[in-house]
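In the numbering used here, the protein residues as written are 808 to 916.
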């Protein structure tokens, strides 16, 4: 699987998690607090939220990786890197902080 195919798969996974999260939230709004399904749906929604965020972050990481390959190592201010990648500033910052924590990235405000 090449990078382009991998990116398509990651994007589809992120879309599916986001869609499932949205549906779970809608279903939860229809239930009263005393409905036995509500607690299960609350837990499921929380778990789907984490999975959706991780998938979105993976997309952001891939976009950063492609930008660095195309435009060079930087240093890149977060807002510029977000603009180049088309990702939101918060997710780019989150990914850059993770890379710094792992000892493999630089963070510039």
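The beta-carbon is built from N, C-alpha and C at its ideal position, and this holds for glycine as well.
Bridge partners - residue i, DSSP secondary structure assignment
i: residue 843; result: For residue 843, which the question treats as bridged, DSSP gives no partner whatsoever.
Among the options, the one whose alpha carbon lies nearest that of residue i
i: residue 913; options: 819, 867, 881; result: 881
i: residue 817; options: 911, 900, 883, 868; result: 868
i: residue 886; options: 892, 896, 879, 878; result: 896
i: residue 814; options: 866, 889, 847; result: 866
Supposed contact pair residue j and residue i - C-beta distance, whole angstroms, cut 8 Å
i: residue 898; j: residue 864; result: 6 Å
i: residue 862; j: residue 820; result: 5 Å
Other residues of its chain near residue i: CB distance less than 8 Å, five sequence neighbours each side excluded
i: residue 870; result: 892, 893, 894
i: residue 832; result: 852
Sequence-distant residues of the same chain with beta carbon closer than 7 Å to residue i, five excluded per side
i: residue 838; result: 844, 845, 848
i: residue 888; result: 871, 874, 899
Does the region 819 to 831 touch the region 851 to 861, meaning 3 or more C-beta pairs lie closer than 8 Å?
-> yes
Would you call the region 835 to 844 and the region 868 to 877 touching, i.e. three or more CB-CB distances under 8 Å?
-> no
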